[in-house]
Amino acid sequence: MREMKKDTFPVEEAIPSVMQALGHRGTGVLVAEPGAGKTTRVPLACIQEEWLGEKKILLLVPRRVAAKSAAHFMAAQRGEQVGDTVGYRIRLEQKISDRTRVEVVTTGVMLRMMQQDPTLDQYGLVIFDEFHERTLDGDLALGLIWDVRQVLREDLRILVMSATIAAEAVSELLGGAPVIRSLGRTYPVDRKYVPGPGTCDKELLDLIGQQIDQAYRTHTGDILVFLPGMKELKYVQQQLNVRYPLELGEGVLRCYLLHSSLSIEEQSLALKRCAAGTRKIVLATSIAETSVTIDGIQVVIDSGWVRKPQFSPRTGLSQLITTRISKAAADQRAGRAGRQGAGLCYRLWNEEMHHALNAYDEPEIRHADLISFTLELAWWGLQDASGLSLLDQPSSSAMIQARELLHLLGATDDQGKITEHGKDLAALGIHPRLSHMLLSALSRGWNVHEACDVAVVLQHQSHFSGGSYMTLHEIIKAFQDGPDERTYSQFRAESLRLQQQLTIKGLYEQEYEQKKSQISYDYGMLAAMAFPDRVAKNRGDGTFLLRSGRGAALARTDRLQHAPFLVAIQVEMGKTTSSIRLAEEVKEKQLLDMFEQQITSVCRVRWDEEKGKITGRLQQHLGAMVLSDTPVPLDQLSSERIVEAVYEYVTTGGIEQLSWNKKSRQLQQRIQFMHAHDPRWPDVSDEGLLKRGREWWEVQLDGLTNLQQLKQINVWELLQSTLDWEQSRRLETEAPVDFEVPSGSRIRIDYSDPDQPVMAVKLQELFGLSQTPTLGSHRIPVTLHLLSPAMRPVQITRDLKSFWEQTYFEVRKDLKGKYPKHPWPDHPMEAQATRRTKAAMEKSKDGLLKRK
DNA sequence: CTCTCCCT
Numbered sequence: 001m002r003e004m005k006k007d008t009f010p011v012e013e014a015i016p017s018v019m020q021a022l023g024h025r026g027t028g029v030l031v032a033e034p035g036a037g038k039t040t041r042v043p044l045a046c047i048q049e050e051w052l053g054e055k056k057i058l059l060l061v062p063r064r065v066a067a068k069s070a071a072h073f074m075a076a077q078r079g080e081q082v083g084d085t086v087g088y089r090i091r092l093e094q095k096i097s098d099r100t101r102v103e104v105v106t107t108g109v110m111l112r113m114m115q116q117d118p119t120l121d122q123y124g125l126v127i128f129d130e131f132h133e134r135t136l137d138g139d140l141a142l143g144l145i146w147d148v149r150q151v152l153r154e155d156l157r158i159l160v161m162s163a164t165i166a167a168e169a170v171s172e173l174l175g176g177a178p179v180i181r182s183l184g185r186t187y188p189v190d191r192k193y194v195p196g197p198g199t200c201d202k203e204l205l206d207l208i209g210q211q212i213d214q215a216y217r218t219h220t221g222d223i224l225v226f227l228p229g230m231k232e233l234k235y236v237q238q239q240l241n242v243r244y245p246l247e248l249g250e251g252v253l254r255c256y257l258l259h260s261s262l263s264i265e266e267q268s269l270a271l272k273r274c275a276a277g278t279r280k281i282v283l284a285t286s287i288a289e290t291s292v293t294i295d296g297i298q299v300v301i302d303s304g305w306v307r308k309p310q311f312s313p314r315t316g317l318s319q320l321i322t323t324r325i326s327k328a329a330a331d332q333r334a335g336r337a338g339r340q341g342a343g344l345c346y347r348l349w350n351e352e353m354h355h356a357l358n359a360y361d362e363p364e365i366r367h368a369d370l371i372s373f374t375l376e377l378a379w380w381g382l383q384d385a386s387g388l389s390l391l392d393q394p395s396s397s398a399m400i401q402a403r404e405l406l407h408l409l410g411a412t413d414d415q416g417k418i419t420e421h422g423k424d425l426a427a428l429g430i431h432p433r434l435s436h437m438l439l440s441a442l443s444r445g446w447n448v449h450e451a452c453d454v455a456v457v458l459q460h461q462s463h464f465s466g467g468s469y470m471t472l473h474e475i476i477k478a479f480q481d482g483p484d485e486r487t488y489s490q491f492r493a494e495s496l497r498l499q500q501q502l503t504i505k506g507l508y509e510q511e512y513e514q515k516k517s518q519i520s521y522d523y524g525m526l527a528a529m530a531f532p533d534r535v536a537k538n539r540g541d542g543t544f545l546l547r548s549g550r551g552a553a554l555a556r557t558d559r560l561q562h563a564p565f566l567v568a569i570q571v572e573m574g575k576t577t578s579s580i581r582l583a584e585e586v587k588e589k590q591l592l593d594m595f596e597q598q599i600t601s602v603c604r605v606r607w608d609e610e611k612g613k614i615t616g617r618l619q620q621h622l623g624a625m626v627l628s629d630t631p632v633p634l635d636q637l638s639s640e641r642i643v644e645a646v647y648e649y650v651t652t653g654g655i656e657q658l659s660w661n662k663k664s665r666q667l668q669q670r671i672q673f674m675h676a677h678d679p680r681w682p683d684v685s686d687e688g689l690l691k692r693g694r695e696w697w698e699v700q701l702d703g704l705t706n707l708q709q710l711k712q713i714n715v716w717e718l719l720q721s722t723l724d725w726e727q728s729r730r731l732e733t734e735a736p737v738d739f740e741v742p743s744g745s746r747i748r749i750d751y752s753d754p755d756q757p758v759m760a761v762k763l764q765e766l767f768g769l770s771q772t773p774t775l776g777s778h779r780i781p782v783t784l785h786l787l788s789p790a791m792r793p794v795q796i797t798r799d800l801k802s803f804w805e806q807t808y809f810e811v812r813k814d815l816k817g818k819y820p821k822h823p824w825p826d827h828p829m830e831a832q833a834t835r836r837t838k839a840a841m842e843k844s845k846d847g848l849l850k851r852k
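Just so you know, we're using full-length UniProt numbering here: the first sequence kicks off at 1 and counts up by one.
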């Protein structure tokens, strides 16, 4: 009987190659599609192998149910009880004996086991099942075990079992491990595309309703419908109630929902095969893709959408998004119709859309919260994952976020190394936030029983919040006064187990029993211990500012609306603001006490733009939150801080506030002209001045407290002070304010373009000057803008001599008629320069003669 | 306004 059953597994043919790979190379990758029998046949086949000796086999599976069912299956094949040759170990539950050679464990349990026994000495082979699911734990476990094999345990064999997708990459990761392929054993599923709208909305759901109806009338088997979430499940269920009132009433048709928030009893109704003469329609989320198997399904109707969280490392929060599924997920869903016979799958999208789908889901390591992962690495002495063999490295921003939080929890020191406290957190096997909360509560002598309840409730938040917003206090009450003994029995067991663990580790001593009566329990403080990064201050309008600087509003208005401070336990990110779904009030005094080390007192001295003067405030900060804020009188502020504040004001856009005038702007440009041709001269452009640095500015701004005083700063002197004595002397000759032309006028030079200083002057005032005036040590000719007597530009030149010799005569032709009263001599280089008319010149000549 | 799934 046993022999016959064995032969029916397709994987049998591949087993000799697997044994050869493990025997010779010590590693292997077994690729087998569903139904091959790999999970149950391969471990049993390895037991007799010589290389295993007396050592045991570890079979790692991603889920608890998978561990139990695999162990039962294997035990049955050997005609034994679970716990004999084959046993399992999952959270809160184990069936293992001295005789056990194959231990089926969830990956999470195995990571705990490795903390006790890092080299896994009792085991000779580790098998990874369903590795293609690429769970965070699975990736980490393979990385660590490969490392152990490389460094300490050459004899530790590794077999990775996976669907096709990850095989080649895993083989490469394991140094070229042989890849063995086995056929699967599933029935054909005919895939039909039924184009729907491009969004997941009512239109799509109505179309799905019609598709269900069509399948119900044209086929005989049960129908499984994949939808993204509870909202959609209920909508379609309502449609079915309207469409099949009679059938549902008589019980010949049943409609079940499959969602993780439903109780185990409710879920198992959907999984069972129906009685003869009865059919079922199961409306499910992605839970039905892998976690459960449903009997009797012949038709799958796939919406093509999935709802999942998107973690943002920047905020440390996540957001639920509804997206298209991957091709791999679509095949997985279709496959659910082919487990017991030929099936049919309707896909609510077209073939073109299908090609546009992602091939696979992104592995968890690329988008998950990495806090536990990073603590685990720290336990192994690793600062990050770069030293580990991983198919995908985690994103660095998520690693940074995780490291920051671990440091905040005291799990790591300033160098990122794990602390003793961190080791205690890692050993407890719950989220580091929650283990920190427990240990902090215990160190304060609080009631351990209560704290463990809070930890368990927070661990399973979604089971309690049930959509409607509640405070932590309300949830704990709901848990403790639960409807009946059974409903929360699993969670009660977890709470008890935590208490035992704490006692065993000696982390918790019974002394609280004596203090119990004196300690008033405080959920706000507990929440703040677990979520120190999520304390928030009321902005006064019922919205809150998180310590991280992010704003958030209560998802439902209630008494917390008026709480000055709270801890946002569960926050969902929205597009503009975040909404707080679960919170608890915390008192300011408690924050001051708990976060004493992290609160920074800042004396904020700043330039108050409105008042036009320096003001000082003493603020206590916790991250972006201001806990207290009191004014400090000016005379109590140190002069340094005052200068600092003025400096900050001036250097952040206030340089315009200085009393600039024409003269100082020109001085600035003159120095810039020198600087442009010789970088040894200072850069005194607005930007250049700002770059002069704090020390220099502090000297200039010393003693200032208000706008009037700022306006009194002599900018001209400030600019001069950037020059040494030699430079100020040279500035006067090489970049003078003005130039005395032959007529006696002093003409201002425009330095606004340092490459081309300009002097605009009436042509007649330059008679007798044959060379263009030059500036700077490089003798750069001034650009002359020659003007008509009416001050209109006539010519631009940098070569006065050639102007007199040539262009002058052309210009004269045009202008002589227009300005006959002004001199237009034949020999301009010898003529008398003047700013006047000919008549005025005569007069003044007369005057001169008379005086003589 | 209305929460996917899994694990220590």
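Using N, Cα and C, we set each Cβ at its ideal position, and we do this for glycine too. All values derive from a computational prediction rather than experimental measurement.
- The C-alpha of isoleucine 301 lies about 7 Å from the C-alpha of isoleucine 212.
- When secondary structure is reduced to three states using DSSP, asparagine 350 falls in the coil class, being assigned neither helix nor strand.
- In the DSSP annotation of this structure, the continuous segment of the beta strand (DSSP E) that includes proline 309 starts and ends at 305-312.
- Residue Met625 holds the alpha-carbon nearest to the alpha-carbon of threonine 600 among Arg606, Met625 and Thr576.
- For threonine 39, the closest C-alpha among the options Gln48, Val86, Lys55 and Thr577 is that of Val86.
- In the DSSP assignment, glycine 87 forms a beta bridge with Glu103.
- A distance below 6 Å between beta-carbons, with the five flanking residues on each side excluded, links histidine 473 to the following residues of its chain, in chain order: Tyr523.
- When DSSP assignments are scanned along the region 180-256, the uninterrupted stretches of alpha helix (DSSP H) that are 4 or more residues long and fall wholly within it turn out to be 202-218, 230-243 and 245-250.
- For the set Ile780, Ser462, Pro793 and Phe595, the Cα lying nearest the Cα of aspartate 755 is the one of Ile780.
- Relative to the Cα of glutamate 695, the nearest Cα in the group Asp738, Thr733 and Glu648 belongs to Glu648.
- In this structure leucine 690 is in contact with threonine 651, their Cβ atoms being roughly 5 Å apart against a cut-off of 8 Å.
- Taking the CA atoms as reference points, valine 61 sits about 11 Å from alanine 141.
- No residue range can be given for glycine 542, since it is assigned to no alpha helix (DSSP H) and is classified by DSSP as neither H nor E.
- Sixteen is the threshold: since fewer than 16 other Cβ atoms of the shown chains lie within 10 Å of the Cβ of cysteine 603, the residue is exposed.
- Taking a contact to require three or more Cβ pairs closer than 8 Å, the region 215-233 and the region 253-262 qualify as touching.
- For lysine 816, the uninterrupted alpha helix (DSSP H) segment begins and ends at 808-816.
- Distance between glycine 381 and isoleucine 418, taken at the CA atoms: about 7 Å.
- Just so you know, the alpha carbons of alanine 833 and proline 823 end up roughly 9 Å apart.
- Nearest Cα to lysine 192 within the set Arg324, Phe311, Trp349 and Trp51: Trp349.
- Ala568 is the residue among Ala568, Lys818 and Leu591 whose C-alpha sits nearest the C-alpha of leucine 582.
- For methionine 594, the uninterrupted alpha helix (DSSP H) run begins and ends at 588-594, by DSSP.
- Contact between valine 782 and valine 758 is confirmed by a C-beta separation of about 7 Å, below the 8 Å threshold.
- The DSSP-derived three-state label of aspartate 453 is helix.
- Counting the other CB atoms within 10 Å of its CB gives phenylalanine 809 a total below 16, which places it among the exposed residues.
- Take the alpha-carbon of leucine 44 and the one of serine 69: they are about 15 Å apart.
- By the CB criterion at 7 Å, phenylalanine 739 and proline 828 fall outside the cutoff.
- Taken in chain order, the unbroken stretches of alpha helix (DSSP H) that lie wholly in the region 397-446 and span 4 residues or more are 420-428 and 432-443.
- Nearest to serine 97 by C-alpha distance, out of Thr107, Glu80 and Arg112, is Glu80.
- Rounded to whole angstroms, the gap between the alpha carbons of proline 432 and leucine 438 is 10 Å.
- Taken atom to atom, the span from the alpha-carbon of arginine 99 to that of glutamate 351 is near 54 Å.
- Remark: three or more beta-carbon pairs, one from each stretch, lie closer than 8 Å, so the region 715-734 and the region 671-683 are flagged as touching.
- Cβ-Cβ distances below 6 Å link leucine 769 to Pro742 in the same chain, with the five nearest sequence neighbours on each side left out; the list follows chain order.
- The straight-line gap separating the alpha-carbon atoms of leucine 370 and aspartate 137 is approximately 11 Å.
- When secondary structure is reduced to three states using DSSP, threonine 293 falls in the coil class, being assigned neither helix nor strand.
- For methionine 161, the uninterrupted beta strand (DSSP E) segment begins and ends at 157-162.
- Taking 8 Å as the upper bound for CB-CB distance, leucine 545 and alanine 536 are in contact here, some 6 Å apart.
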